[in-house]
Structure formats: structure tokens, C-alpha cells
Amino acid sequence: MRPGVRPSWSGSEKGGRRLTRLTRTATPWDRVLADHDQPGHAYSPFGHIGLCLTEAVEWSLLGSLSAADRAHLLDSARRRTFARGEVVFHEGDLGDSLHLVETGRLAVQVFTTTGEAATLNVLSPGDFFGELALLRERPAPRRTASVVALEPAQTLSLSGVEFHAICDRHPRIERLMVTMLAQRVEELGQRLLEALYVGVDQRVCRRLLELTHVYGGRQTPTVIPLTQDHLADLAGASRPTVNQVLQKLATLGVVHLHRGRVEVLQYDGLYKRTGL
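So the sequence shown is numbered by the numbering used here: it starts at 12 and just counts up by one.
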């Protein structure tokens, strides 16, 4: 996907009521560590932490709201459907909505000065994106990255206008912005510490472990349908370096390498090499 090429998309929307309960925010490593501490525990994106549930989806984000405030918020959200390869929005677009991931997986991407797409994150059910659209700024903030569906996906979308209207009627909901921004700051802080103090071998293993949870939990084998280029972007390393790390893991029997995907064979073996 190159700059100037803007695939069109059409999303189907359908409202629906949802059931929620109390939670706290959780970072990606909360998910991994909470699940690792409970052998045999069926994986959920946020381990044993209290959660906000929408049918089979779990969002930690909404747990800071009361049951009534969550109901007001979710009743205003609209379901949007995206096909594999469809773009939710592009880097530089005006930000107009928050998305809660309900099904499927999506990639957060930016473009380098050479026009290559770099993958920053992979989102799965229970994640959210586009929160800057909820800031009371005029003009609306621009999107800082593109989001594209890696497979058929659904999100619950809440526009900034709808969010502000709800906040005017229910002021306590505005605390959600603080929760979202605090979670983003914590995630960025963790990645910065990794870049400064964690070696590339451990960074690659940590990204693989996170992706194992995204695509299968602790059940192995788990197939991660991403290329080594994607893994290099996520780990902040070059592709040749990532290939060397993967070859070592393959020799140890931790992973098996396929064209365009990595199969994790030993969850515990991978975890031991993260340095956590």
C-alpha cells in the first residue's frame, strides 16, 4: 500500500444493546503475564482482570465507567464491518471517531519517507483505536497512523460529536479520555524502555509472545500469519536481524518458519526468552 493509493471501503452498521461489568485498564503485558501465571487457564485478552463485556468481547477500557454510563456510551456506538484489506482510515485523515475492536484483527501502520508501510501494532478484539478524535479540538485532530483490516473485522464506532453530546448529558463519561490517554502513555513508555534497554532477541520474542496471544492464546501450536517484515517493524529491528533470531528459535524447536507466517510450537520456551 503506497501513499496516494486509497482503497475505498463500505461498512455495514447495526446497533445493539450490550452487557458490561466493572474492570480496570490493562496493558498488553498485563494480558500476557496474567495468562502465564495461571497454567491451564483459558485465555482471554485481559486474563483474570475484571472486564467490560459485549457479547463475547472483553474491553478493559470501559471498566472505569459506571454501569449506567457504559450503557449510555455503548447505546450510541454503531457497528461497522470491514473486509480483509479494507482501510478504516488513513494517516493524515481528520479524526472523527473512536473504534472498539469487536471481531477480527487490524494493523496500525505508518509510511516511511521512502513510501514503505511500517506496522506499529496489531489490534484484536478488546482493543481500541482512534481515541484522539474524542478530544475537544477545533479543527479536529489528524490521524497519526493508518488502520487496515488484516482479516474480516467489526468495530463499534463512536463519533467525537456523539461522545461530546453524551458527556454534556453525563459529565462523568469524560473520565474515559483520561483512562485512554493514560493507557497510551504507559504503552509508549514500555516500548521506549524496551528500545533503550532490551536487546533485539528479547524484543523479537516479546512481540512473538504478544502475537501468540492475539492469534491463539497459550494453545500451541499457534500460527501467526505475519511476514518477517511485519515482525521487524513491530520489534524495531531489521529484517535480517529478525530472521537470525527466528532461525535460532527454529533450531531450538520453539517456532517453525513458513512462507509468510510463523508457527509457535512452545509457548513456555518462547516466554523464557522474553527476559520477563
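The beta carbon of each residue, even a glycine, is placed where N, CA and C say it ideally should be.
Note that the structure is predicted; figures quoted are calculated from it, not measured.
Within the same chain, and ignoring the five residues on either side of residue 247 in sequence, the residues whose Cβ sits closer than 7 Å to its Cβ are 206, 214.
The beta carbon of residue 227 sits closer than 7 Å to the beta carbons of 233 from its chain, once the five residues preceding and following it are set aside; these are given in chain order. Within the same chain, Cβ atoms closer than 6 Å to the Cβ of residue 252 are found at 211, the five residues on either side in sequence being excluded.
In this structure, the alpha-carbon of residue 79 lies about 48 Å from that of residue 268. For residue 229, the three-state secondary structure derived from DSSP is coil. Here DSSP, grouped into helix, strand and coil, assigns residue 277 to coil. In summary, residue 119 is buried, with 16 or more beta-carbon neighbours lying within 10 Å of its beta-carbon over all protein chains present.
Secondary structure note for residue 153: it is in no alpha helix (DSSP H), with a DSSP letter that is neither H nor E. Here residue 271 has 238 as same chain residues with Cβ atoms under 6 Å from its own Cβ, once five neighbours each way along the sequence are excluded. For the 9 Å CB-CB criterion, residue 111 and residue 139 form a contact. For residue 91, there is no enclosing alpha helix (DSSP H); the enclosing beta strand (DSSP E) covers residues 89-93. Within a 10 Å sphere around the beta-carbon of residue 249 sit fewer than 16 other beta-carbons, which makes this residue exposed. Where residue 266 is concerned, the enclosing beta strand (DSSP E) starts and stops at 266-269.
If you draw a 10 Å sphere on the C-beta of residue 77, you find fewer than 16 other C-beta atoms in it, and that means exposed. In summary, residue 85 is buried, with 16 or more beta-carbon neighbours lying within 10 Å of its beta-carbon over all protein chains present.
Contact between residue 168 and residue 88 holds: CB atoms are separated by about 6 Å, below the 8 Å threshold.
For residue 256, same chain residues with a beta-carbon under 6 Å away, outside a window of 5 residues either side, are 212, 215 in chain order. Counting only the Cα atoms, residue 131 lies some 32 Å from residue 82.
Distances from the alpha-carbon of residue 244 to those of 279, 147, 121, 101 put 121 closest. The Cβ-Cβ distance between residue 163 and residue 115 falls below 9 Å. Where residue 169 is concerned, there is no enclosing alpha helix (DSSP H), although the beta strand (DSSP E) around it starts and stops at 164-170.
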